[in-house]
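Everything in the sequence shown is counted per the numbering used here, starting at 34 for the first residue and increasing by one. Quick reminder that beta carbons are idealized off the backbone N, C-alpha and C, glycines included. Predicted model, so just to flag it, every value in this text is computed and none were measured.
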Amino acid sequence: MPNTLIAESQAVHARLESLVSTILDTIVDGVITIDGRGLIQSYNKACESLFGYNSAEVLGKNISMLMPDPYHGEHDRYLENYKQTGTAKIIGIGREVTGKRKDNSTFPMELSVGATNQGGEHAFVGIIRNITERHEAQKQREQLQQGQKMEAIGQLTAGVAHDFNNLLAIILGNLDIVSEKLASDHPFQKYLAPCITASEHGAELIHQLLAFARKQTLQPDVLDLNELILYLSKWISRTLGERIEVITHFEENVWPICADHAQLQNALINLAVNARDAMPKGGKLIFETRNLAYDPTFTEKGIDFAPVDHVVLSVSDTGEGMPPEVIEKAFDPFFSTKGIGKGTGLGLSMVYGFVKQSAGHIKIYSELGFGTRITIYLPTSAQPLETKTAQATQQIAAPVAQKTILVVEDNADVLDMT
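Encoded structure:
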């Protein structure tokens with residue numbers, strides 16, 4: 034071939050290489066090429082932004098350096114299997130995988146892979162797209178849908194609970210009246226007693242449903258969360274038994290909160306009982322508190338915080354943990370994994386309703402085999418504990434006098450019984 038043709042061919046080749054290089058560095062998505070041994074041959078500018086390595090740090094290195102465990106060895110085995118059998122497990126468009134950055138952090142990415150074979154020399158091209166924002170958007174949609182679902186269930190539950198509450202009020206009220214009219218040794222008393230007990234149990238279930246629906250009547254007070262947990266933990270420790278160790282980690286000078294004392298106490302007991310059931314062979318139950326100053330960015334992360342400081346309460350166990358499908362339904366009323374007759378399925382739903390009605394937030398983190406952590410965020414009180422205590426001691430009992438009581442009730446039967 035004449036020298037001029039060789040020179041022209043080399044010039045065209047150089048222009049093409051320069052053009053391809055410019056195109057690759059202009060593409061928004063990451064582009065990586067590797068040889069048949071898995072060694073990186075090219076690595077564009079977008080990859081540098083995605084993974085944090087510059088080209089000099091990765092060229093000639095195995096592609097597995099950009100993969101988290103346990104994919105290191107798997108990738109090499111896949112390449113060998115592909116070269117020997119032609120079986121393509123990942124070659125194609127749009128497979129979701131996980132990438133690893135230089136700082137060892139990970140991110141979700143969409144990977145499309147193409148393969149060539151020239152004269153027995155294998156080469157692969159990977160197109161990489163960061164889909165972190167897509168995952169965050171999906172997560173926010175799921176949180177919104179979950180919130181809407183819980184709100185709808187709460188509205189339905191509140192309506193049903195109100196109607197049943199009226200029915201039970203009539204039944205229980207009239208049973209009490211009949212029981213009082215009969216002598217204590219009357220033979221009918223033995224039939225009335227179980228009816229009254231069953232009605233009271235039904236009323237308690239209604240109360241728990243109203244708690245979930247955020248329709249219960251709360252009596253908020255200024256509380257020291259550390260003091261409340263310290264008092265309860267001694268009782269809980271004796272109740273749960275010797276196989277479960279109750280541990281407390283308190284932040285000193287925890288901020289006062291404003292919450293209903295009785296309902297918060299019931300919520301803690303419910304969480305402790307759930308933790309016990311998740312640790313049939315024993316384990317650790319851990320209560321932790323810490324102060325959390327308000328940060329407006331929390332709202333952007335999908336947590337519906339009120340714009341005030343919060344106290345964070347975490348209740349963790351070292352039990353069996355929960356799979357994702359159970360976590361998704363954990364706060365639903367009457368949902369239980371304990372089996373028939375071993376629970377009402379209203380414990381966590383009651384805690385959820387109480388926290389939401391207290392303008393707080395609650396979330397669950399759990400892993401199978403490692404345990405569960407339930408985190409509650411409760412707003413701080415603008416009123417200090419000392420002021421509240423001082424006001425309480427200054428209260429003076431009102432003088433007793435004849436009064437008229439006005440009873441207002443929209444249900445005629447309940448009104449008559451009242």
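Check	Outcome
Measure the Cβ-Cβ separation of PHE364 and ALA300 and say whether it is below 8 angstroms.	no
Measuring CB to CB, does LEU263 end up less than 8 angstroms from GLN298?	no
Does PRO412 come out as helix, strand or coil in the three-state DSSP assignment?	strand
Could you tell me the distance, in whole angstroms, from the CA atom of ASN207 to the CA atom of GLY393?	39 angstroms
Nearest to GLN416 by alpha carbon, out of ILE438, LEU304, ASP257, PHE403?	ASP257
Taking LEU144 as the reference, give the member of ALA305, SER138, ASN150, PHE157 with the closest Cα.	PHE157
Taking the alpha carbon of GLY69 as the point to measure from, which residue in VAL91, ILE319, ALA236, GLU154 has its own alpha carbon closest?	GLU154
Pick helix, strand or coil for HIS282, following the three-state DSSP scheme.	strand
Only counting runs of 4 or more residues, tell me where the alpha helix (DSSP H) segments fall wholly within the segment 251 to 326, in order along the chain.	258 to 273, 294 to 310
Could you tell me whether the segment 346 to 359 touches the segment 314 to 332, using the rule of 3 or more Cβ pairs below 8 angstroms?	yes
DSSP on PHE403, reduced to helix/strand/coil?	coil
What is the residue span of the alpha helix (DSSP H) that ASP446 lies within?	445 to 450
Just the C-alpha distance for TYR385 and ILE407, rounded to the nearest angstrom, thanks.	11 angstroms
Indicate the three-state DSSP secondary structure (helix, strand or coil) for ILE438 in the structure shown.	coil
Measuring CB to CB, does PRO101 end up less than 8 angstroms from THR149?	no
When the Cα atoms are used, what is the spatial distance from GLY352 to ARG167?	33 angstroms
So what does ALA148 bridge to, in DSSP terms?	PHE157
Could you check where the alpha helix (DSSP H) with LEU346 kicks off and where it finishes?	Unbroken run through LEU346 is the beta strand (DSSP E), 343 to 350; no alpha helix (DSSP H).
Could you check the C-alpha separation between GLN173 and VAL279 for me, to the nearest Å?	35 angstroms
Since ILE229 and LEU201 should fall inside the 8 angstroms C-beta cutoff, what is the C-beta to C-beta distance between them, to a whole number of angstroms?	In fact, because the Cβ distance is near 11 angstroms, the residues do not count as touching under 8 angstroms.
Candidates MET383, THR272, GLN296, GLU90: which alpha carbon is nearest LEU238's?	MET383
Given a cut-off of 8 angstroms on the beta-carbon distance, is the pair ALA311 and PRO412 in contact?	no
Within the same chain, show all residues whose beta-carbon is closer than 8 angstroms to that of GLU213, passing over the 5 residues directly before and after it, in chain order.	none
Would you mind reading off the limits of the beta strand (DSSP E) that contains ILE360?	Taken as a continuous stretch (DSSP letters only), ILE360 belongs to no beta strand (DSSP E), being part of the alpha helix (DSSP H) at 357 to 362.
Following the continuous beta strand (DSSP E) through VAL64, name the residue where it begins and the one where it ends.	63 to 68
I need the boundaries of the alpha helix (DSSP H) containing TYR86, first residue and last residue.	Here TYR86 belongs to no alpha helix (DSSP H), and DSSP marks it neither H nor E.
Spatial neighbours of THR66 within its chain, please: CB distance less than 6 angstroms, with the 5 preceding and 5 following residues excluded, ordered by chain position.	GLN74, SER75, VAL158
Assign ARG309 to buried or exposed, taking buried as 16 or more other Cβ atoms, counted over all protein chains shown, within 10 Å of its Cβ.	buried
Out of MET142, GLY354, PRO141, state which residue places its alpha-carbon closest to the alpha-carbon of LEU401.	GLY354
For SER399, count neighbouring Cβ atoms within 10 angstroms of its own Cβ and tell me buried if that reaches 16, exposed if not.	buried
Which term fits LYS436, buried or exposed, when burial requires 16 or more other beta carbons within 10 angstroms of its beta carbon?	exposed
Rounded to a whole number of angstroms, what is the C-alpha to C-alpha distance between ASN198 and THR281?	38 angstroms
Taking ILE164 as the reference, which of ILE269, PHE221, LEU83 has the closest Cα?	LEU83
Consult DSSP for GLU353 and reduce its assignment to one of helix, strand or coil.	coil
Who are the near neighbours of PHE410 in its chain, counting only those whose CB is closer than 6 angstroms to its CB and skipping five residues on each side?	Just to set this straight, residue 410 is Tyr in the shown sequence, not Phe. Contacts found: HIS343, VAL345, GLY393, HIS394.
In the DSSP output, which residue or residues are listed as bridge partners for PRO340?	Partner(s): none; PRO340 has no beta bridge.
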